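Enquirer:
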Amino acid sequence: MIGGRQANKPSIEEFKKAAPNASIIYVSAQSDNYFEDIKEMTTFIGELYDKQSDAEALNKELDEKIEETKNLVSEKDKTMMFIQTNGGDLSLHGPGGRYDFLYNPIGFKSSEGDSEDKTASHGNQISFEYISKANPSMILVMDRGAAISNGEDATKVDVLKTDVTNNVDAVKDDNIFELNSVRWYLNSGGHASAIGQLEELQGFLNEVK
């Protein structure tokens, strides 16, 4: 079973050489069907190891966590912008992109509206002026540099606080929240990471002003 960065042609060829009679199964969750894919994989693994009841319990836990998060998002009623930092670069992940599940089914309202073009896995590059114009009431920040460099190339969240963005509601109200970059960028797509992502979101939503 492979997924994410391991699911590339060179790796697959090596697996075939090492285990020519083995089935190679892709187990990564797609952004437009994220939670359902995770539950499907959990069910599959439960069947594979004769742990169906355990898999059902895990899927029930995930469904409950999704509903809790959806209810909090609805209650807070904030517009949200998801920004990926990488050194001095800022990228937007909106509806239809890598983190589409934040908008559907979780229910965050995009500060850019619902018509964003499909994004690449690293998002669409944006400027501080773009953030100012969109004026999100809440910003989620994921630092790619920190995820791929053991924190050595981390970008401080304060980079988003500039003279250009000081009019932004999320900046004025201190509603800028830093995500666990390893969980969101490197290790997403499984039951444990999804639970962790949802718990992070719940924590931020309980703090939002």
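Using the UniProt record's numbering, read the sequence shown as starting at 1 and increasing by one per residue. Positions of the beta carbon are idealized from the N, C-alpha and C atoms, including for glycine. The model shown is predicted, which means the values in this text are computed figures rather than measured ones.
Name the DSSP beta bridge partners of Lys109, please?
Expert: Paired residues: Thr79.
Enquirer: Of all the options Glu199, Asn206, Gly203 and Asp173, which has the alpha carbon lying nearest to the alpha carbon of Glu61?
Expert: Glu199
Enquirer: The beta strand (DSSP E) spanning Ser91 covers which residue range?
Expert: Asp89 to Leu92
Enquirer: Please check the pair Ile176 and Ile131, which I expect to be a contact at CB under 8 angstroms, by giving their CB distance rounded to whole angstroms.
Expert: Contact doesn't hold; Cβ gap of about 11 angstroms is too wide.
Enquirer: In whole angstroms, give me the CA-to-CA distance for Leu179 and Lys51.
Expert: 32 angstroms
Enquirer: Report yes or no: do three or more beta-carbon pairs, one from the region 89–98 and one from the region 60–77, lie closer than 8 angstroms?
Expert: no
Enquirer: Got a sec? Which residues, its chain only, sit under 7 angstroms from Asn124 by beta carbon, not counting five neighbours each side?
Expert: Counting only Cβ-Cβ distances below 7 angstroms, and skipping sequence neighbours, we find Ser91 and Leu92.
Enquirer: Would you tell me roughly how many angstroms separate the C-alpha atoms of Asp173 and Lys209, rounded to the nearest one?
Expert: 6 angstroms
Enquirer: Which term fits Gln6, buried or exposed, when burial requires 16 or more other beta carbons within 10 angstroms of its beta carbon?
Expert: exposed
Enquirer: Using 8 angstroms as the threshold, is the C-beta distance between Val171 and Glu129 below it?
Expert: Contact: no.
Enquirer: Relative to the alpha-carbon of Leu58, which residue among Gln202, Phe15, Ala192 and Asn206 has its alpha-carbon at the smallest distance?
Expert: Measuring C-alpha to C-alpha distances from Leu58 to each of Gln202, Phe15, Ala192 and Asn206 identifies Ala192 as the nearest.
Enquirer: Can at least three beta-carbon pairs, one atom from the region 181–195 and one from the region 31–45, be found at a separation below 8 angstroms?
Expert: Touching, yes.
Enquirer: Could you work out which residue in Ile2, Ile12 and Val157 is closest to Asn86 when comparing CA atoms only?
Expert: Nearest neighbour of Asn86 by Cα position, chosen from Ile2, Ile12 and Val157, turns out to be Val157.
Enquirer: For the beta strand (DSSP E) containing Val141, list its first residue and its last residue.
Expert: Met138 to Asp143
Enquirer: State the beta-bridge partners of Thr85 as determined by DSSP.
Expert: Leu90 and Asp143
Enquirer: Using C-beta distances below 6 angstroms, list every residue in its chain close to Val102, excluding the 5 sequence neighbours before and after it, in chain order.
Expert: The question names Val, but residue 102 in the sequence shown is Leu. Phe108, listed in sequence order.
Enquirer: Going by DSSP, what residues sit across from Glu178 in a beta bridge?
Expert: Val141
Enquirer: For Met80, tell me which candidate among Asp169, Arg183 and Tyr49 has the shortest Cα-Cα distance.
Expert: Ranking Asp169, Arg183 and Tyr49 by Cα distance to Met80 puts Asp169 first.
Enquirer: Mapping the DSSP letters down to three states, classify Asn104 as helix, strand or coil.
Expert: coil
Enquirer: Only counting the same chain, and skipping five residues up and downstream in sequence, which positions put a Cβ closer than 7 angstroms to that of Met1?
Expert: Once the five neighbours on either side are set aside, the close Cβ partners of Met1 are Ile25 and Val27.
Enquirer: Nearest-angstrom Cα distance between Ser115 and Lys78?
Expert: Note that Ser115 scores a pLDDT of 45, beneath 50, so its modelled location is shaky and nothing firm can be said.
Enquirer: Is Tyr99 helix, strand or coil when you go by DSSP?
Expert: coil
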